[in-house]
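There are 2 protein chains.
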Amino acid sequence: MTESDSSLDWKTRAAQRKQAQLDSIPSEWILHDLRLESENVMDVPEKCGLLSARELEITNTTDVEVILKKLSNSEWSSVDVTRAFYKRAIIAQQLTNCLTEIFVERALDRAKELDDILRRTGKVVGPLHGLPVSLKDQFTMKGLETIMGYVAWIGRYAKSDCVLVEMLYDCGAVPFVRTNVPQTLMWGETYNHVFGRTSNPYNRRLTAGGSSGGEGALVAMKGSPLGVGTDIGGSLRIPSAFCGLYTLRPSYERLPYYGATNALEGQESISSVLGPMTNSITGLKIFVKAIIDSQPWKRDPLVVRKEWSEKEYQLAFHGGGSPLCFAIMWDNGVVKPHPPLRRAMVMTKGALEAAGHRVIDWEPHRHLEIYKNSETIFVADGGEDYRTECERSGEPLIKSMISEDDGHEPIVEKPFVNHLVGESYHRSAYQLWELHKEKRQLRKSHLDYWEATVHRTGTGRPVDGIISPAVAYPAVPHGLNTDSFYTTLCNAMDYTTSVFPVTSVDTELDHPHDPHEFYNYEDEAVYKLYDSGLFQGCPVGLQLIGRTQEEEAVIRMTEIIDTALKENKRINTETDTK
Amino acid sequence: MTESDSSLDWKTRAAQRKQAQLDSIPSEWILHDLRLESENVMDVPEKCGLLSARELEITNTTDVEVILKKLSNSEWSSVDVTRAFYKRAIIAQQLTNCLTEIFVERALDRAKELDDILRRTGKVVGPLHGLPVSLKDQFTMKGLETIMGYVAWIGRYAKSDCVLVEMLYDCGAVPFVRTNVPQTLMWGETYNHVFGRTSNPYNRRLTAGGSSGGEGALVAMKGSPLGVGTDIGGSLRIPSAFCGLYTLRPSYERLPYYGATNALEGQESISSVLGPMTNSITGLKIFVKAIIDSQPWKRDPLVVRKEWSEKEYQLAFHGGGSPLCFAIMWDNGVVKPHPPLRRAMVMTKGALEAAGHRVIDWEPHRHLEIYKNSETIFVADGGEDYRTECERSGEPLIKSMISEDDGHEPIVEKPFVNHLVGESYHRSAYQLWELHKEKRQLRKSHLDYWEATVHRTGTGRPVDGIISPAVAYPAVPHGLNTDSFYTTLCNAMDYTTSVFPVTSVDTELDHPHDPHEFYNYEDEAVYKLYDSGLFQGCPVGLQLIGRTQEEEAVIRMTEIIDTALKENKRINTETDTK
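Here the protein sequences line up with chains A and B, keeping their order.
Using UniProt numbering, read the first sequence as starting at 1 and increasing by one per residue.
Using UniProt numbering, read the second sequence as starting at 1 and increasing by one per residue.
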């Protein structure tokens, strides 16, 4: 595929590129005669027979710290680890369509290079030595295309690595595969005309979320120990919640985005940020610390010059961590969470209290105003950016994530966000400045509101972190994901936010709520969507919201919550079996 | 003066407000029968007889560290110190027209409160206990007007303090007077229809610079030990250079701007920043550290959560400081500096080399592209912001800083910046995003260029700091200041930058250069402007450019340069007198 093919019609170009992707898969990794028992394909890698016992042992090791240790002491070679995860990634691809760029030889060559260095010198190259890392289809790698969901971008071979990839190489990582995104990036699902749609491995009739949905499905299937996605309104957190992963949405410009492609490039009012997605709680700190320790401000002029602070990680500004006081936002007043989300919050509250922490309630503050301001900023160009990229190839702008054969309709005729923001149009620079003024005032108001909780916590400090749903429901059928009300708050306020898995939907426990007084028509539609059968077994995650540029503290508090939840489950299991 | 007066014509409103300012001066502080020997009024405070010996002793103490020590050990009371500086400020006002809001009783009450606390508790309130601090006319104080150079803003009484003022109170400071600005703030001089024009105390026919020109004149006359100004294109550095002061232009959002009024509010592409202006090298660290130690991110949502780093102040990322390698930008290729600036750079190079540091040359990199990008962003609203504020009262937009009785013409028919940028018009949000993309690429290019100096320094590091003129000339006659080419670079790249005084113009030494091949018509006009007689005795300062968010390191390196210069002067003086 070369740039000269741009004379072809967009459907032909897309089909050719998709075929080229298929051709890039080693034939011995193709799944044949697959008889699936259900649309939950999580167990296929174990059962399909493609992975050896050793490859299963490697890929079932989700703890990034453990993988890195086995790599650094040469118990595992990077070639073996990379090949094992690559095979599993290719299995995941055939089941969920999560990948874009596949480059097996290149990744294995890199892994071999690292193995050789370690053998020769006895030293690791860096803190991520030998670790395969998957990348959302925005992180350019020299010599590979970066298609990012646009037909017009087929054949765009990168002349250099983006800064993140440069630093991953310096850290000893093995960037080994790239993952799917929606056209425009501005959807909470994952579908485009080139690579198609990514499904949720827990139930392929459901979305994996988006826009980092390829990572969501891939990492959930253990096809990658750690992926890197991005987030401008929930794009790390929605797929992480839907797929049962950990993630961290850092603050603007803490990690290096320079050189990665993006939608709405130059829109700096609410910056997209990058972060890790992983099955491993240890993965959050390892990734973030590795990148920050590499001094990204030397390569990306926008990155905040702030070293990794072990002092902040030890919660110096949170009383050393004992006890903490969390606040739970049970409901943001825009869309009421589904029953499994409520149960997850109850479980988390119980676990934290059992661990000696305090938990109080969080009443939402100007939530809808904040949301509206952000969404208005996102369309301040009147859609010019999307139109321009689509017009380059003639492909149409995608208006819905539902496809014809889904057999269902949208839950609302017009998403509530469109109702709120109104028709988008070319705003002037002056009008954008007016939105900035409003945003700044909203941030100040929310900050003051948070600070004022000092009178309610009993710790002498304001609330240490807010716990809330990331999305009001577990993963929904394709095309029905409309809620970014919980996530966008954090992008607007620039709050550091993690997502952590809590439980999975259990219809025995998660009975429908009685109807409430609906906040708006979308809230009503979301309420009606709840159907225990549909969601059964889906992961349920929550988000932890910390302050701006509190990456260290939010990671540590997420670890504390995770430990408390695991400890509580252990006790409950012991009690159950007695 | 109340808001109801807005029915009056703008000239009447302005005149009434100016009269009210005059009426706010205690009558015993009025200078009578003043016979000035020259337009250099720097010696008037000493000679006018208004200040007692003790008041002269206090106000001639320029070292902020010394003043704070005498306040904290009760050798001086805050009331005495505040009154002494206030009297000198009022003298400065009568000579240079540097003030806006005058509130003697309120400031003395505050000083008394601090004295009482110290007497009662034996403890200082904070690190700035008792110190009078003057504020540019943007920093709102509850109950006072904030006019900021617009007639329409007469009668706008602030309902609360801006965050900076809140923190100054917490630190124990005494905000005691506010200082003049130009209409729109976007001039390198200081003139508006309400308070008139601020002159340079070294020669009142010359401008004090701007937009923090009120602070420049006031602090130069020792009417304030430390003032706070702002900078979006040079507004701290131009008056500091013209008036012989130290200043620091911090990076975006390191110090709290929230609640201060501003021009082009909501324009966040190139943020205005606040910083100290002072006669005292110790003042820079004391002020910046005091504010950062107060955790401004708890009150201003935009402030970077980064503690004061003693490690960075000790130059941990600059080899511990011995030896450093500086680069001198002798000429930016847009406007060639006047002879005294060149001599200041030669002096600084010599002093640094004598102190054991290395000094190499800096070739400008894409300087004009960067400048053009910034200036285009500043007018992206097509002038809407200025027009709107002027229309509120009917006052005309000021088009030139020259007044009718100056007796001279502009040096160029149309400033080079206007020629570069073209007619301003309402740009769309999408067009602004395009400018952001360009800016980001320029920042990356400049960063890479700087990093690449690692091969030339001999220290194993890139250049530690760049030394250059802040402005191509010493202070010029009113209305003739056109150069912000040296300063705007730092706002665009967000480089932390200080200004420090080096020498003063000496016609015996600073002979005109031979004409060079002119870079553009403004460069030619600036060349022709040089006239030793006009500039004689004016201060000459330079700027030190460091990296983004390197406040600590830039302060320390400025101290090192200052010490080297003083040491060199001492040696030269000793040599001269032998």
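Glycine included, each C-beta is placed from N, C-alpha and C at the ideal position.
Model, not experiment: these values are computed from the prediction.
For residue i, does the three-state DSSP call read helix, strand or coil?
i	result
Ser-498(B)	strand
Val-273(A)	strand
Lys-569(B)	helix
Arg-440(A)	helix
Tyr-519(B)	coil
Met-1(B)	Annotation note: pLDDT 43 at Met-1(B) (below 50); position unreliable, no value reported.
Ser-251(A)	coil
Lys-47(B)	helix
Arg-387(A)	helix
Gly-533(B)	helix
Tyr-86(B)	helix
Asn-418(A)	helix
Val-133(A)	strand
Asn-200(A)	strand
Asn-262(B)	coil
Asn-40(A)	coil
Asp-23(B)	helix
Leu-128(B)	coil
Mind checking which residues open and close the beta strand (DSSP E) that includes residue i?
i	result
Tyr-371(B)	Here Tyr-371(B) belongs to no beta strand (DSSP E); instead the alpha helix (DSSP H) covers 367–378.
Ser-428(B)	Where Ser-428(B) is concerned, there is no enclosing beta strand (DSSP E), given that its DSSP letter is neither H nor E.
Phe-176(A)	174–179
Ala-327(A)	325–328
Arg-358(B)	358–361
Asp-231(B)	226–231
Ser-72(A)	It is not in any beta strand (DSSP E) - Ser-72(A) instead sits in the alpha helix (DSSP H) that spans 64–72.
Gly-213(B)	No beta strand (DSSP E) holds Gly-213(B); the alpha helix (DSSP H) holding it covers 213–220.
Thr-100(B)	99–102
Ile-58(B)	Taken as a continuous stretch (DSSP letters only), Ile-58(B) belongs to no beta strand (DSSP E), being part of the alpha helix (DSSP H) at 53–59.
Less than 8 angstroms between the C-beta atoms of residue i and residue j, yes or no?
i	j	result
Lys-437(B)	Glu-265(A)	yes
Arg-358(B)	Pro-323(B)	yes
Val-288(A)	Leu-248(A)	yes
Thr-573(B)	Ile-281(B)	no
Val-421(B)	Glu-369(B)	no
Pro-296(B)	Met-167(B)	yes
Tyr-258(B)	Asp-385(A)	no
Val-79(B)	Lys-112(B)	yes
Cys-538(A)	Ser-484(A)	no
Leu-99(B)	Thr-179(B)	yes
Thr-487(B)	Arg-237(B)	yes
Ala-158(A)	Leu-144(A)	yes
Arg-204(A)	Glu-39(A)	yes
Ala-14(A)	Thr-207(A)	no
Val-163(B)	Pro-256(B)	yes
Ile-58(B)	Val-81(B)	yes
Thr-563(A)	Ile-467(A)	no
For the alpha helix (DSSP H) containing residue i, name the first residue and the last one.
i	result
Gln-543(A)	Run containing Gln-543(A): none in the alpha helix (DSSP H); it sits in the beta strand (DSSP E), 539–545.
Pro-339(B)	339–354
Tyr-473(A)	Neither: Tyr-473(A) is in no alpha helix (DSSP H) and is coded neither H nor E.
Tyr-486(B)	485–493
Arg-456(A)	454–457
Give the C-beta separation of residue i and residue j to the nearest angstrom, bearing in mind that I take them to be a contact with Cβ-Cβ under 8 angstroms.
i	j	result
Phe-326(A)	Met-186(A)	No, Phe-326(A) and Met-186(A) are not in contact; Cβ-Cβ is about 31 angstroms, not under 8 angstroms.
Gly-233(B)	Val-64(B)	In fact, because the Cβ distance is near 27 angstroms, the residues do not count as touching under 8 angstroms.
Gly-275(A)	Cys-243(A)	In fact, because the Cβ distance is near 15 angstroms, the residues do not count as touching under 8 angstroms.
Ile-411(A)	Ala-525(A)	4 angstroms
His-129(B)	Ser-72(B)	6 angstroms
Give the DSSP bridge partners of residue i, in chain order.
i	result
Tyr-157(A)	Glu-145(A)
Tyr-246(B)	Thr-278(B)
Asp-115(A)	Its beta-bridge partners do not exist; DSSP assigns none.
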